Amino acid sequence: MRGLYALKPWYTNRLASVLRFAVARDISPDVFTAVGVVSALGAGVAIAYGSWVLAFVLLAGRLAGANLDGAVARAQGVSRPWGFVLNELGDRAGDFAMFAGLAVLATRDGDIGWGSDWATGWVLVATICATLPTFVSVSGAGAGAQRLNGGPFGKTERCAAVILATAVPAWIPVISIVIIAGSVLTAGTRLRSIHGSLSASPSDPAATSAGHR
231 MRGLYALKPW YTNRLASVLR FAVARDISPD VFTAVGVVSA LGAGVAIAYG
281 SWVLAFVLLA GRLAGANLDG AVARAQGVSR PWGFVLNELG DRAGDFAMFA
331 GLAVLATRDG DIGWGSDWAT GWVLVATICA TLPTFVSVSG AGAGAQRLNG
381 GPFGKTERCA AVILATAVPA WIPVISIVII AGSVLTAGTR LRSIHGSLSA
431 SPSDPAATSA GHR
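423 is the number that the working numbering gives to position 193 of the sequence shown; each next residue is one higher, with no gaps.
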């Protein structure tokens with residue numbers, strides 16, 4: 231189950247003109263990583279003020295930046311391990327900015343039936359759980375498995391859920407629970423795939439020794 235991540239090739243095709251421009255002008259892939267982070271920070275502010283339309287536009291910019299940095303790096307032939315690190319840090323900063331904005335909105339909005347304290351608490355739990363799929367994927371990549379992305383509830387689904395919560399703040403607690411459940415399910419799905427991949431491949435002595443530190 232890849233979720234909305236399956237639409238990534240389609241989205242990349244929509245950004246083809248930007249990709250060609252970046253390659254022709256030799257624009258660094260790091261620029262697009264920065265665009266993604268700045269867009270996410272702006273989205274966090276928009277979410278905090280309940281502006282779901284602006285949040286939608288900025289989160290689309292976040293996803294575009296996250297899509298283009300890797301695509302530009304591959305097209306320019308400059309992919310490097312440090313780019314992987316920057317991409318991961320940018321994604322995590324984007325997630326935290328998004329959820330910070332939602333937590334502020336939950337605190338500010340007085341129309342949440344469960345009470346703002348309960349809503350904020352659920353958002354904080356959702357923030358923690360949203361890191362689990364990435365934690366599993368990065369751990370697997372460190373052991374030699376492919377870095378997994380996508381669903382059933384990945385980054386794109388989280389963005390969509392937060393936009394919906396911004397549009398209807400009364401739903402923040404319920405949507406937070408959906409994010410929690412979806413993130414745990416996704417982490418479990420990825421963990422199972424990674425276990426199968428590593429079990430089917432020859433063991434890496436370096437990874438094995440690292441596991442017994």
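Where a beta carbon is used, it is the ideal one built from N, C-alpha and C, also for glycine. In this text the structure is predicted, and so the values were computed from the model without any measurement.
Let me make sure I understand the geometry here. Which of the options has the alpha-carbon closest to that of residue i?
{"i": "leucine 245", "options": "Val404, Ala327, Asp299", "result": "Asp299"}
{"i": "isoleucine 410", "options": "Lys385, Ala400, Arg422", "result": "Lys385"}
{"i": "proline 363", "options": "Arg250, Leu415, Thr350, Leu332", "result": "Leu415"}
{"i": "threonine 350", "options": "Ala360, Arg338, Cys359, Phe286", "result": "Arg338"}
{"i": "alanine 397", "options": "Pro311, Gly380, Gly381, Val283", "result": "Val283"}
{"i": "tryptophan 312", "options": "Leu332, Asp260, Asn297", "result": "Asp260"}
{"i": "serine 369", "options": "Val267, Glu318, Trp401", "result": "Glu318"}
{"i": "leucine 335", "options": "Gly324, Gly320, Trp348", "result": "Trp348"}
{"i": "proline 399", "options": "Trp240, Leu378, Gly280", "result": "Gly280"}
{"i": "arginine 422", "options": "Leu378, Thr263, Gly412", "result": "Leu378"}
{"i": "valine 408", "options": "Thr357, Ser367, Gly307", "result": "Thr357"}
{"i": "glycine 307", "options": "Phe365, Val253, Asn243, Trp240", "result": "Val253"}
{"i": "asparagine 472", "options": "Phe286, Arg255, Phe326, Ala264", "result": "Missing from the structure shown is residue 472; the chain here goes from 231 to 443 and no further."}
Cutting at 7 angstroms between CB atoms, please list the residues of its own chain near residue i, excluding the five before and the five after it.
{"i": "isoleucine 405", "result": "Ala391, Leu394, Ala395"}
{"i": "serine 247", "result": "none"}
Ordered along the chain, which non-local residues of its own chain (more than five positions away) have a Cβ less than 8 angstroms from that of residue i?
{"i": "leucine 288", "result": "Ser269, Ala270, Gly272, Ala273, Ala276"}
{"i": "cysteine 389", "result": "Leu289, Arg292, Leu293, Met328"}
{"i": "valine 353", "result": "Phe329, Leu332, Ala333, Ala336, Ile402, Ser406"}
Grab me the residues of residue i's own chain with a C-beta within less than 6 angstroms of its C-beta, minus the 5 sequence neighbours each way, in chain order.
{"i": "alanine 436", "result": "Because the pLDDT at alanine 436 is just 49, under 50, the model does not fix this residue reliably, and the point stays unresolved."}
{"i": "alanine 189", "result": "The question about residue 189 has no answer here: the residues shown for the chain are numbered 231 through 443."}
{"i": "glycine 412", "result": "Phe383"}
* Any contact of the stretch 373 to 387 with the stretch 416 to 429, i.e. 3+ C-beta pairs under 8 angstroms? -> yes
* In chain order, which alpha helix (DSSP H) runs of at least 4 residues are fully inside the stretch 262 to 313? -> 282 to 306
* Asked: Which whole runs of the alpha helix (DSSP H) in the stretch 307 to 390 are 4 residues long or more, in chain order?
  -> 311 to 338, 346 to 359, 362 to 372
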